[in-house]
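Chemist: Got a structure for you, written out below as C-alpha cells; questions coming shortly.
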Ligand SMILES: NC(=O)c1ccc[n+]([C@@H]2O[C@H](COP(=O)([O-])OP(=O)(O)OC[C@H]3O[C@@H](n4cnc5c(N)ncnc54)[C@H](OP(=O)(O)O)[C@@H]3O)[C@@H](O)[C@H]2O)c1
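Numbering (this note's numbering), first residue to last: 275 to 527.
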C-alpha cells in the first residue's frame, strides 16, 4: 500500500540542487525538473546555470553563489526558498577534487575541499531542515564516492571529505528521520564530468576503471537518475542513513 499513486513522483516538490551548473548536479537538476519538481539550482557560474535553465523543461530558478564558506549556509538557504518556497529536497552535489597527494596537500586545498564537500552540505541541510520539518517531509541526498571507502592516489583531502560524508549522512539520518526527513548518500562510480576530466582524459585509466566494474563500463549520466529519484521521493520512505553505490558493481569486486 502507498499513500501516493506513484511512489517515485516528485511532482510539485521544491528541490534545491547544488552544483547545478555541471556534471551530476546539472543532470539531476534537469531530471527533477522534468519529473515535475520545482528546482532551484545553485553554483558559481551564472552563465552555465542560465544555460541549464534555458535547456530544461519545467519550473526552475538559478542562484549564482559560492558555496565554499559554510558560514553563508543560512543566507544560501534563505535565497533558495525565495523562488518557490521552502525546499523539501536537497541534492548537495557541488564538490571539488584538488587531486593533491598526501605529500603535496596544502592547507588551502584541504580547507576548500572540506568546507565545500563536507561542511556546506551539512550546514545547508541544517538550515533547510526547519522548512522540511514544518512540512513533515524531506529528502536530503549527499554525495559520497568510491573514496568514501578506499584510497586513490591524489585523493587525500577529497577522500577525507567523502569518508566524512558517509558518516555524516548516517548521523543526520539518526537525528532527522523521525521528522520525515530521510538522509542518504549517492556514491557514484566513474562518471565523465569536469571533475573526472583527468581520469577520462587517460584512456588506459578509464578502460581499467570500466574493467573493474561488474557491468564492464563506466557510468553514463542517466544511470544516476533512477537512484536519485528513488532517494528524492516517497519510494525511499523507509530508507535512511544509507550510502547507495551507483558504480556498476565497481565496489563489489
Ligand atoms: N563524476 C564522478 O565520477 C563522481 C564520482 C563520485 C562522486 N562524485 C561527486 O559528485 C558530485 C558532483 O561531481 P561532478 O562529477 O558532477 O563534478 P563537476 O562536473 O565538476 O561539478 C561540480 C559542481 O560543483 C560546483 N562547485 C564547485 N565549486 C563550487 C563552489 N565553490 N561554490 C559553488 N559551487 C561549486 C560547480 O559549479 P561552479 O564551478 O559553477 O561553481 C559544479 O556545478 C561531487 O560531490 C563529486 O565529488 C562524482
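Ideal Cβ positions, reconstructed from N, Cα and C, are used throughout, including at glycine.
1. In this structure, does DSSP put residue 529 in helix, strand or coil?
2. Tell me whether residue 275 sits in a helix, a strand or coil according to DSSP, three-state version.
3. Beta-carbon separation of residue 361 and residue 314 under 8 Å?
4. In the DSSP assignment, find the alpha helix (DSSP H) that holds residue 442 and state where it starts and stops.
5. Who are residue 506's beta bridge partners in DSSP?
6. What ranges does the beta strand (DSSP E) occupy inside the stretch 286 to 337, keeping only unbroken runs of at least 3 residues that lie completely in it?
7. Classify residue 397 as helix, strand or coil using the three-state DSSP reduction.
8. In the structure shown, what three-state DSSP assignment does residue 392 receive?
9. Would you please verify whether the beta carbon of residue 497 is less than 8 Å from any beta carbon of chain C?
10. Mapping DSSP to helix, strand and coil, what is residue 342?
11. At what residues does the beta strand (DSSP E) containing residue 414 begin and finish?
12. Quick one: does the C-beta of residue 464 sit closer than 7 Å to a heavy atom of ligand 1?
13. Can you find the residues in the same chain that come closer than 6 Å, C-beta to C-beta, to residue 394, ignoring five residues on each side of it along the sequence?
14. In terms of residue numbering, what span does the alpha helix (DSSP H) encompassing residue 350 cover?
15. Would residue 524 be called buried (16 or more neighbouring beta carbons within 10 Å of its own) or exposed?
16. Tell me the DSSP secondary structure of residue 498 in three-state form.
17. I want to check one thing, is the minimum distance from the CB of residue 525 to the heavy atoms of ligand 2 below 7 Å?
18. Assuming residue 299 contacts residue 293 under a Cβ cut-off of 8 Å, what Cβ separation, rounded to an integer in Å, is found between them?
Modeler: Put simply:
1. Residue 529 is absent from the structure shown; the chain starts at 275 and stops at 527.
2. Numbered from 1 along the chain shown, position 1 holds the residue referred to as residue 275. Its pLDDT being 46, under 50, residue 275 is placed unreliably by the model, and the measurement read from it follows with that caveat. Three-state DSSP puts residue 275 in coil, outside helix and strand.
3. What you label residue 361 is simply residue 87 of the chain shown in a count that begins at 1. What you label residue 314 is simply residue 40 of the chain shown in a count that begins at 1. At the C-beta level, residue 361 and residue 314 come within 8 Å of one another.
4. Walking along the chain shown from the start, residue 442 turns up at place 168. Unbroken alpha helix (DSSP H) run through residue 442: 430 to 450.
5. In the chain shown, the residue the question calls residue 506 occupies position 232. Beta-bridge pairing by DSSP links residue 506 to no other residue.
6. Counting only runs of 3 or more, we get 288 to 292 and 312 to 317.
7. Position 123 of the chain shown, counted from the first residue, corresponds to residue 397. Helix at residue 397.
8. Residue numbering aside, residue 392 sits at position 118 when the chain shown is read from its first letter. Residue 392 falls in the helix class under three-state DSSP.
9. Given the protein chain composition of this structure (a single chain), no chain C is represented.
10. The residue you call residue 342 lines up with position 68 of the chain shown. Per DSSP, reduced to three states, the secondary structure at residue 342 is coil, with no helix or strand assignment.
11. Within the chain shown, residue 414 is the residue found at index 140, counting from 1. From DSSP, the beta strand (DSSP E) with residue 414 extends over 412 to 417.
12. Start at 1 with the first residue of the chain shown, and residue 464 comes out as number 190. Yes; taking the cut-off as 7 Å, the Cβ of residue 464 has a heavy atom of ligand 1 nearer than that.
13. Taking the chain shown and counting its residues from 1, one reaches residue 394 at position 120. For residue 394, where only same-chain residues beyond five positions count, the Cβ hits under 6 Å are 341 and 344.
14. Numbered from its first residue, the chain shown carries residue 350 at position 76. 347 to 355 is the span of the alpha helix (DSSP H), which, as asked, contains residue 350.
15. The residue given as residue 524 occupies position 250 in the chain shown. That one is buried.
16. For this step, residue 498 is matched to residue 224 along the chain shown. Looking at residue 498 - three-state DSSP - the assignment turns out to be helix.
17. This structure does not include ligand 2; its bound ligands are ligand 1.
18. For the purposes of this step, residue 299 is taken as the residue at position 25 of the chain shown. For the purposes of this step, residue 293 is taken as the residue at position 19 of the chain shown. That pair is a contact at about 3 Å.
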